[in-house]
Structures are given as structure tokens and as C-alpha cells.
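Peer 1:
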């Protein structure tokens, strides 16, 4: 059997043949400069800026402005994620600065340090669903539990850096939050912690100065609240949904392909999240194309495949 012609019903590939087959399909999708990711980093800023302008001019209702701001800001996560995996530069060492620049600017708009997120996200890939996976802290438990965490995060984020510089300040927090912070700190490297602190202090400065200068609505209702609404959506569709119930480990089982009506649009290609974990250098907008070529092979490997994707292959969800 030619490794370029894997068909449903063929025996699973093993060893070097399996790796060579996967590489032959993935490489053409993972070596292109990420112009689309650059566009994906620009249009959310333009959209959000338009919302802020229209709201300030009294031409857009506040509730609609908050919702549209959330949609715009959450979209900035995709460039952050691509930058973490260096798909914008396509792994070219001389262009990695582009990944860092885009990742840092977009992450700031989501109250996140790119340095910290890169560290935590690589840990997630390395330890998906096991005790070393930091994403389990944020994504396990379902949307209602995640919503509670988001509320706590939004309320505590501007306060935590201040409490950290006050002797015994963190002991003023509820015991459950103290335990959660302690658990999170076990995953962070010193560099990641410094990055998180720097971004948080910059946000505190921004929130205070903008409020004092009369931009309270813009900075709180069009930036701070929407970014946390966006983070709720991101935690659900990128953290919880692809990995639920966070119980399996293994190359082909720690996440899944799960497609449904409009899922690729809603989740930006990560309805094929298994492919992202298998081949993180493939940008999100190429995952569906990879799936069309590699789906039968993944089914033969016993991958988690559910929803429309399973029906298209003529298999039961597995």
C-alpha cells in the first residue's frame, strides 16, 4: 500500500510508515508564511476601534457596543495562538520576531502576557489532560463553572498585583481563591510570572489613567468587561469543548475532532482540535484541509472523532 493513498478500511499504519505518512500530508500546510494570521490580527483592532468611535459619537447603543467589543476582542486570540506555535513565521528563525510582536500586542488586549501564555500553552500540549496540564484548572467543569471562574478573574485581576506587594496581602482572599492561585503558580516559570505581573500592572495603570481622564465608559465597558466576556467564550470553545471530559490521554485521544453545523466558523477551525495537537505548526485555517486528506488514517488510529466528521467517514463516534 502506498502511504499517499490511505483509504477507509486499510490497516492502521505503524512506526516510521505512520510518521512518514502524516508528515507527507502536513508539511505543505505548515511551511507557508502566515499572511492570513496577520490579517486576523488587524481586523479585530479595526472592528473594535469602530465600535468605540460609534459609541463615543452616540451612534451605537451601549449594550450592542459591549457585545460587539467582546466579539472583536476575542478574535485576537487566534493570532496569539498562532504566534505561540510560530505559524505566522512558519518557523523561520529570522522571522520569529513577528510572532513575538503580534502575539504580545494581541495578548495584551486579552489581559494576558504572551510570555506567560506561551509557557502555559506548551505545557498544555505536553501534558494534555494529565496532572501537569494547566488548562484543566481553567477549562474543566463545564460552561457554568467556567463562567464563575471568569467573574472571579475579572474582579480579582486588577487587585492581585497590589495584594502581592502588600505583606500578607494574599491572605485577605477567600481560601478557595488562594488555593487556585497556588495551583496556578506551580505551572508558571519565573519568566512567565514576571510577564504576567508586567502586563497586569500595565492594565491597572491604563484603567486608572483612562478613568481619571474621563474615558470610564470606553476603558471599562468597551474594553475591560468585553475582554472577559471574550475570555469566557474562548475558555468554552478552545479549552472545555475540544477536551471534555478531560479524562483521556494519548496522542490520538487527549482531544477530538467534533464538527457540527457552522462549527468551523464558530470555533475558527478548532472543531478539528485533535489535528492541532497532532500538528501544532499547521495554522487553524488549514486544519479542515488537512482533515480532508488525513481523516481515514486518524480513524484507523482510534482517534476521537464525533459529530458530522464521524458521519462523513461512515463510522460511529469513537
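Residue numbers (this note's numbering): 1 to 318.
Even for Gly, the Cβ is constructed at its ideal location relative to N, Cα and C.
1) Compare the Cα-Cα distances from residue 88 to each of 66, 122, 62, 41 and report the closest residue.
2) Just the C-alpha distance for residue 2 and residue 79, rounded to the nearest angstrom, thanks.
3) Let's see if you can read the secondary structure: which residues bound the beta strand (DSSP E) around residue 315?
4) Can you tell which of 283, 278, 70 has its C-alpha closest to the C-alpha of residue 126?
5) Using the three-state DSSP reduction, which class does residue 307 fall into: helix, strand or coil?
6) Restricting to runs no shorter than 3 residues, where is the beta strand (DSSP E) found entirely within the segment 240-273?
7) Is it the case that the Cβ atoms of residue 90 and residue 31 are separated by a distance below 8 Å?
8) Could I get the ranges of all uninterrupted alpha helix (DSSP H) runs contained in the segment 173-246, with 4 residues as the minimum, in chain order?
9) Whole angstroms is fine: what's the gap from residue 83's alpha carbon to residue 170's?
10) Suppose you measure from the CA of residue 160 to the CA of residue 51; what does that come to, to the nearest Å?
11) Is the beta carbon of residue 227 sitting closer than 8 Å to the one on residue 77?
12) Using only the alpha-carbon positions, how far apart do residue 36 and residue 73 sit?
13) Take residue 34 and list the residues in its own chain whose beta-carbon comes closer than 8 Å to its own, dropping the five residues that flank it on each side.
14) In angstroms, rounded to a whole number, what distance separates the CA positions of residue 307 and residue 317?
15) For residue 153 and residue 245, I'd like the C-alpha separation in whole angstroms.
16) Spatial neighbours of residue 254 within its chain, please: CB distance less than 8 Å, with the 5 preceding and 5 following residues excluded, ordered by chain position.
17) Would you decide whether residue 291 is buried or exposed? Buried here means 16 or more other CB atoms lie within 10 Å of its CB.
18) Check for me: the alpha helix (DSSP H) holding residue 138 runs from which residue to which?
19) Measuring straight from C-alpha to C-alpha, what distance separates residue 67 and residue 61?
20) Within 10 angstroms of the Cβ of residue 299, are there 16 or more other Cβ atoms? Answer buried if so, exposed if not.
21) Should residue 104 and residue 198 be called a contact, given that it needs their Cβ atoms to be closer than 8 Å?
22) Since residue 256 and residue 304 should fall inside the 8 Å C-beta cutoff, what is the C-beta to C-beta distance between them, to a whole number of angstroms?
23) Please report how far the alpha carbon of residue 236 lies from the alpha carbon of residue 295, in whole angstroms.
24) I'd like to know whether the C-beta atoms of residue 203 and residue 238 end up nearer to each other than 8 Å.
Peer 2: On the basis of the supplied data:
1) By 1-based counting over the chain shown, the position of residue 88 is 88. The option with the nearest alpha carbon to residue 88 is 41.
2) Residue 2 sits at position 2 when you count from the first residue of the chain shown. Residue 79 sits at position 79 when you count from the first residue of the chain shown. Bear in mind that the predicted position of residue 2 carries a pLDDT of just 40, short of 50, making it unreliable; the figure below should be weighed with that in mind. Those two C-alpha atoms are separated by around 37 Å.
3) On the chain shown, position 315 is the one that residue 315 refers to. It is not in any beta strand (DSSP E) - residue 315 carries neither H nor E in the DSSP assignment.
4) Taking the first residue of the chain shown as 1, we reach residue 126 at position 126. Per the C-alpha coordinates, the member of 283, 278, 70 positioned closest to residue 126 is 278.
5) Translated into positions along the chain shown, residue 307 becomes position 307. It is a strand residue.
6) 256-259
7) Working through the chain shown from its first residue, we reach residue 90 at position 90. Working through the chain shown from its first residue, we reach residue 31 at position 31. For the pair residue 90 and residue 31, the CB atoms are nearer than the 8 Å cut-off.
8) As far as the segment 173-246 is concerned, its whole alpha helix (DSSP H) runs of at least 4 residues are 175-185, 190-212, 225-234.
9) Taking the chain shown and counting its residues from 1, the one referred to as residue 83 is at position 83. Taking the chain shown and counting its residues from 1, the one referred to as residue 170 is at position 170. In a straight line, the C-alpha of residue 83 is about 33 Å away from that of residue 170.
10) Working through the chain shown from its first residue, we reach residue 160 at position 160. Working through the chain shown from its first residue, we reach residue 51 at position 51. Cα to Cα, residue 160 sits roughly 30 Å from residue 51.
11) On the chain shown, position 227 is the one that residue 227 refers to. On the chain shown, position 77 is the one that residue 77 refers to. No; because the gap between Cβ atoms is not below 8 Å, this pair is not in contact.
12) Position 36 of the chain shown, counting from 1, holds the residue named residue 36. Position 73 of the chain shown, counting from 1, holds the residue named residue 73. Rounded to whole angstroms, residue 36 to residue 73 spans 17 Å at the Cα level.
13) Along the chain shown, one-based indexing puts residue 34 at 34. For residue 34, where only same-chain residues beyond five positions count, the Cβ hits under 8 Å are 82, 87, 88, 89, 90, 283.
14) One-based indexing of the chain shown puts residue 307 at position 307. One-based indexing of the chain shown puts residue 317 at position 317. Computed Cα separation, rounded: 7 Å.
15) Your numbering for residue 153 matches position 153 in the chain shown. Your numbering for residue 245 matches position 245 in the chain shown. Cα to Cα, residue 153 sits roughly 23 Å from residue 245.
16) Start at 1 with the first residue of the chain shown, and residue 254 comes out as number 254. Cβ neighbours of residue 254 beyond the five flanking positions: 128, 129, 243, 248, 277.
17) For this step, residue 291 is matched to residue 291 along the chain shown. Label assigned to residue 291: buried.
18) Indexing the chain shown from 1 puts residue 138 at position 138. Element bounds for residue 138: 135-139.
19) Here the question's residue 67 lines up with position 67 in the chain shown. Here the question's residue 61 lines up with position 61 in the chain shown. Answer to the nearest angstrom: the Cα atoms are 10 Å apart.
20) Position 299 of the chain shown, counting from 1, holds the residue named residue 299. Residue burial annotation: residue 299 is buried, with at least 16 other C-beta atoms found within 10 angstroms of its C-beta.
21) Start at 1 with the first residue of the chain shown, and residue 104 comes out as number 104. Start at 1 with the first residue of the chain shown, and residue 198 comes out as number 198. For residue 104 and residue 198, no; Cβs fall outside 8 Å.
22) Start at 1 with the first residue of the chain shown, and residue 256 comes out as number 256. Start at 1 with the first residue of the chain shown, and residue 304 comes out as number 304. Contact flag correct, Cβ pair sits at about 3 Å.
23) Locating residue 236 in the chain shown gives position 236, counting from the first residue. Locating residue 295 in the chain shown gives position 295, counting from the first residue. Each residue's alpha carbon lies about 25 Å from the other.
24) Taking the first residue of the chain shown as position 1, residue 203 is located at position 203. Taking the first residue of the chain shown as position 1, residue 238 is located at position 238. No, the Cβ-Cβ distance between residue 203 and residue 238 is not below 8 Å.
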